[in-house]
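Numbering (the numbering used here), first residue to last: 2 to 269. All residues carry an ideal CB built from backbone N, CA and C; glycine is no exception. Note that this is a predicted model, so its numbers are computed, not measured. These notes are about the structure you will find just below.
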Ligand SMILES: Nc1ncnc2c1ncn2[C@@H]1O[C@H](COP(=O)(O)OP(=O)(O)O)[C@@H](O)[C@H]1O
Ligand SMILES: [Mg+2]
């Protein structure tokens, strides 16, 4: 089944214009909202941002060594912390000088990039993927004072397989590949076990990071997820652990990021 659904990488047409950040509407996030959504990566002095800085260094080193530009973040099941990691990684990457970071929310059904950053709008990435608009300038937002561009989704009211397993999506990826090498592209991906969406996305991009939820994802689940995405490259895995704090639905209490560790499954 997977072979039938996954499109090939053979598409070369790159018809879409990927906007420069200066062409996008500026967006100034509410710092309190970011903090309450656990997005701390913009602030290098925030104690909780340290693990993300470390992860950033490892990831960038590895991406450069392999000539990768397009990396997704996925997990076996929903709720593992993909969007949390994507948002923080994006924020911490945006502090790198001489780099441009583009983040696309491809978890259309459970999109949360907009909510995490406090973005509000009507034209989301789902409208581009569906072909309702070709103009990515209508969708992207440039985070003020950073090198970060965000492309959120606003409506989950779409059948996602036709959006992702399409020539249009392949052409979009081909367009992203025309960006210079100082541009890094992150995708908040769908979870692997939900349906075939993650597989389709992984087959088009350079590599993915696997987020593992400590205590909830068994080793078998992780290996099964990686196997399902095969032959796409797992560039690393990230162990996300909650602390089980009282009064928080996610078991989060402040300092829980300290329990957020990263490890790379493959040697350098
Ligand atoms: N290490 C963590 N510490 C605190 N909160 C976390 C952590 N990881 C995830 N969360 C929170 O858990 C919720 C689910 O995470 P999310 O990233 O949205 O999952 P996914 O995108 O994988 O479905 C979000 O509210 C997120 O902010
Ligand atoms: Mg998510």
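(1) Should residue 84 be labelled buried (16 or more other beta-carbon atoms within 10 Å of its own) or exposed?
(2) What residue does the alpha helix (DSSP H) around residue 91 start on, and which one ends it?
(3) In whole angstroms, what is the alpha-carbon distance linking residue 76 and residue 146?
(4) Which of helix, strand or coil does DSSP assign to residue 165?
(5) Rounded to the nearest angstrom, what separates residue 122 and residue 79 at their Cα positions?
(6) Please say whether residue 155 and residue 115 have beta carbons closer to each other than 8 Å?
(7) Kindly provide the ranges of any alpha helix (DSSP H) runs that are 4 or more residues long and lie completely inside the segment 121-185, ordered along the chain.
(8) Between the beta-carbon of residue 162 and the beta-carbon of residue 197, is there less than 8 Å?
(9) Can you round the beta-carbon distance between residue 188 and residue 202 to whole angstroms, since I take them to be within the 8 Å contact cut?
(10) Contact check, residue 16 vs residue 176 under 8 Å by CB: the rounded distance?
(11) Give the straight-line distance between the Cα atoms of residue 19 and residue 108, rounded to the nearest whole angstrom.
(12) Given 7 Å as the limit, tell me if residue 110 has its C-beta closer than that to any heavy atom belonging to ligand 2.
(13) Quick one: which unbroken beta strand (DSSP E) runs of 3-plus residues sit fully inside the segment 177-227? Chain order, please.
(14) Pairs of beta-carbons, one from the segment 39-48 and one from the segment 85-104, closer than 8 Å: are there three or more?
(15) Quick check: does the Cβ of residue 157 come within less than 7 Å of any heavy atom belonging to ligand 2?
(16) With a CB to CB cut of under 7 Å and the five nearest residues on each side skipped, what residues in its chain are close to residue 113?
(17) Tell me whether residue 47 is buried or exposed, calling it buried when 16 or more other Cβ atoms sit within 10 Å of its Cβ.
(18) Please classify residue 168 as buried or exposed, where buried requires at least 16 other C-beta atoms within 10 Å of its C-beta.
(19) So if DSSP puts residue 41 in a beta bridge, which residue, or which two residues, is it bridged to?
(20) I'd like the span of the alpha helix (DSSP H) that includes residue 53, first residue to last.
(21) What did DSSP end up calling residue 107 once you bin it into helix, strand or coil?
(22) From 217, 183 and 160, pick the residue whose C-alpha is nearest to that of residue 1; which is it?
(23) If you draw a straight line from the alpha carbon of residue 53 to that of residue 32, how long is it in whole angstroms?
(24) Comparing alpha-carbon positions, which option in 64, 56 and 118 lies nearest residue 34?
On the basis of the supplied data:
(1) buried
(2) 83-94
(3) 31 Å
(4) helix
(5) 24 Å
(6) yes
(7) 126-130, 161-165 and 168-177
(8) yes
(9) 6 Å
(10) 7 Å
(11) 20 Å
(12) no
(13) 184-189 and 208-214
(14) yes
(15) no
(16) 84
(17) exposed
(18) exposed
(19) Bridge partners of residue 41: none, in fact.
(20) 51-67
(21) coil
(22) Because residue 1 is not part of the residues shown, which for the chain are 2 to 269, the question remains open.
(23) 18 Å
(24) 118
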